[in-house]
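Input: a single structure, listed below in structure tokens.
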Amino acid sequence: MASSRPSRSPRRALPAVVTAALLIPLAACGGGDKDKGGDGSAPAGSEKKNTQLTVVAAASLTDVFEQAGKAYEKEHPGVRMGFSFAGSQELAAQVKQGAPADVLVTADTKTMDGLAAETGEPTVIAKNRLVIAVEEGNPKKVGSLKDLTDEQLKVVLAAEEVPVGRYGRQILDAQKLTVKPVSQEVSVRAVLSKVELGEADAGLVYKTDAETVPDKVDAVDIPDAQNAVASYPAAALKGSEHAEEADAFVRWLSSDEARELLRKAGFQQP
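If you're matching positions, the sequence shown starts at 515 in the working numbering and goes up one per residue.
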């Protein structure tokens, strides 16, 4: 039985050798269907693959960027957009830890400047201002920043390392107002959620965030002279595996279409 095994091996290998020999001249043939299979269809694996572009962006951009992503995909069929939203300080930590991403957009220039070694040249794509978010109908009758000093009022702010938290303290300090928040949150959306759920009477958020839930939260305007302007820089990340596509998306964010989306969402022009 042991002597019969070698005799079968050549017979099995022969068809493979012949097949390979036949395929070589077939592959070398020119013809009008050189890019197609024998039935005229595209050969397996020849379909154009989509580029998955990952954007890490400030939480306050959540709604408008989801719209922007759909618009960009429509204009660029070969690109699929993915987003991750968080406080800018969290985004910075993710980038420094090497999290895979292609584009970074923060809610302040300070955070972006601190990542100069990891990013390309940033471009400011929009600006924003703060408002006082209160429960619908403003039952506590909050009318100004000074009202936030009332210790009977449950005020929530973002943590100091969060851009909106830093802006908030900046404008309160400028007016020499002392506010004792009941909590300090990790993002502007977390502050908004506290007010929306009735867990806080008031909170400092961006104007654009308050406008996302107009049926649940009212916005009390802060005069320009007492307010702060938040700038949103965008930049491609040097570690991106899709450098050209990342640069293209950053440029698109300054296009007329992107600016119109941002304007409709309440953002100001850069």
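Even glycine gets a Cβ: it sits at the ideal position worked out from N, Cα and C.
Own chain residues within Cβ distance below 6 Å of residue i, not counting five before or after
i: Glu699; result: Ala672, Val705
i: Phe579; result: Ala571, Phe597
i: Asp732; result: Val648, Glu650, Asn652
i: Gly634; result: Ala749, Ala750
Length of the line joining the Cα atoms of residue i and residue j
i: Asp761; j: Val570; result: 14 Å
i: Pro653; j: Val693; result: 19 Å
i: Pro591; j: Leu662; result: 49 Å
i: Leu711; j: Gly753; result: 39 Å
i: Gln581; j: Glu771; result: 11 Å
i: Ser697; j: Asn564; result: 43 Å
i: Glu758; j: Asp577; result: 25 Å
i: Asp715; j: Ile685; result: 19 Å
i: Ala724; j: Lys668; result: 18 Å
i: Lys709; j: Lys584; result: The question names Lys, but residue 709 is Val in the sequence shown. Computed Cα separation, rounded: 30 Å.
i: Gln689; j: Arg703; result: 25 Å
i: Leu775; j: Glu713; result: 31 Å
i: Asp664; j: Ser574; result: 27 Å
i: Leu751; j: Ala631; result: 9 Å
i: Lys778; j: Lys730; result: 20 Å
i: Trp766; j: Asp687; result: 37 Å
i: Ser769; j: Ala640; result: 12 Å
i: Arg737; j: Met595; result: Here residue 737 is Pro; the residue named in the question, Arg, does not match the sequence. Each residue's Cα considered, the two are about 37 Å apart.
i: Tyr746; j: Lys610; result: 19 Å
i: Pro695; j: Leu659; result: 13 Å
i: Gln666; j: Val593; result: 52 Å
i: Gly780; j: Thr722; result: 5 Å
i: Glu589; j: Val638; result: 22 Å
i: Leu691; j: Tyr586; result: 44 Å
i: Tyr720; j: Arg680; result: 12 Å
i: Ala739; j: Val619; result: 27 Å
Neighbourhood of residue i by C-beta distance below 7 Å, restricted to the same chain and skipping five residues each side
i: Ala606; result: Thr625, Gly628, Leu629
i: Gly682; result: Leu644, Leu671, Ala672, Leu718
i: Gln603; result: Thr625, Glu675, Val676
i: Thr623; result: Ser745, Pro747
i: Asn867; result: One cannot answer for residue 867 here, as it falls past the ends of the chain, which runs 515 to 784.
DSSP-derived helix/strand/coil call for residue i
i: Phe599; result: strand
i: Asp735; result: strand
i: Ser697; result: strand
i: Gly628; result: coil
i: Gly592; result: coil
i: Ala607; result: helix
i: Leu711; result: coil
i: Glu649; result: strand
i: Thr466; result: With the chain covering 515 to 784 only, the question about residue 466 has no answer from this structure.
i: Ala613; result: coil
i: Pro747; result: strand
i: Gln783; result: coil
i: Ala673; result: coil
i: Ala716; result: strand
i: Thr576; result: helix
i: Lys641; result: strand
i: Leu667; result: coil
i: Val619; result: strand
Whether residue i touches residue j by CB criterion (8 Å)
i: Val656; j: Phe763; result: no
i: Ala744; j: Pro636; result: no
i: Ala621; j: Val670; result: no
i: Arg773; j: Gln783; result: yes
i: Ser701; j: Ala600; result: yes
i: Val734; j: Ile646; result: yes
Residue range of the unbroken alpha helix (DSSP H) whose run includes residue i
i: Gly753; result: Per DSSP, Gly753 belongs to no alpha helix (DSSP H) and is neither H nor E.
i: Thr565; result: From DSSP, Thr565 is part of no alpha helix (DSSP H) but of the beta strand (DSSP E) over 565 to 572.
i: Asp761; result: 757 to 766
i: Asp770; result: 770 to 778
Sequence-distant residues of its chain with Cβ nearer than 8 Å to residue i (five each side left out)
i: Leu567; result: Val593, Arg594, Met595, Gly596, Asp616, Val617, His756, Glu759, Ala760, Phe763
i: Gly544; result: For Gly544, the predicted model reports a pLDDT of 40, less than 50, meaning its position is unreliable; a value from the coordinates is still stated below. Nothing meets the Cβ criterion.
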